[in-house]
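Residue 100 in UniProt numbering is what sits at position 100 of the sequence shown, and the numbering runs on without skipping anything. Glycine included, every Cβ here is placed at the ideal spot set by N, Cα and C.
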Amino acid sequence: MQKKILIVEDNALNLRLFNDLLAAEGYDTVTSNGEGDIAGLARTTRPDLIVMDMRLAQNDGLETTRRIKRDETTRAIPVIAITGCAMAGDEERIMATGCADYLTKPVTLQGFLSSVRRHMH
């Protein structure tokens with residue numbers, strides 16, 4: 001069965017890039033531009049992995065990740081945090097929400113795919 005990845009990214013170019021990269025690697029993708037109930041989308045689509053932008057225009061990626069990790073049906077789904085804001089202490093604060101990995105923008109192709117592969121089971 002094909003592994004499914006939920007990509008949450010409010011930048012249309014980044015969303016398309018992540019989607020195209022993962023589709024080329026053979027993953028089934030579900031995308032969200034960061035609007036609406038992302039935790040609910042994770043609950044209904046049951047992805048194997050979530051790629052989450054931490055700075056969304058319509059939602060707070062940190063709070064959304066907390067909601068995903070509090071929900072029994074989505075708690076075990078690994079979340080890769082992606083952020084363009086890499087200030088001192090950000091990695092620790094983001095990882096404390098339960099994220100499996102932390103990548104800073106601009107992400108490298110190799111780093112992104114390596115992280116995805118590492119967290120797929």
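The DSSP assignment places 12-24, 38-45, 61-70, 90-95 and 109-119 as complete runs of the alpha helix (DSSP H) inside the UniProt domain "Response regulatory" (4-120), in order along the chain (cut-off: 4 residues). For His119, the closest C-alpha among the options Val79, Thr83 and Ala12 is that of Val79. Counting C-beta pairs closer than 8 Å gives three or more between the region 62-77 and the region 39-50, which meets the contact rule.
Within the same chain, and ignoring the five residues on either side of Asn33 in sequence, the residues whose Cβ sits closer than 6 Å to its Cβ are Asp10. For the 7 Å CB-CB criterion, Val30 and Leu13 do not form a contact.
Distance from the CA of Ala57 to the CA of Thr65, rounded to the nearest whole angstrom, comes to 15 Å.
An exposed status is given to Ala24, since fewer than 16 other beta-carbon atoms sit within 10 Å of its beta-carbon.
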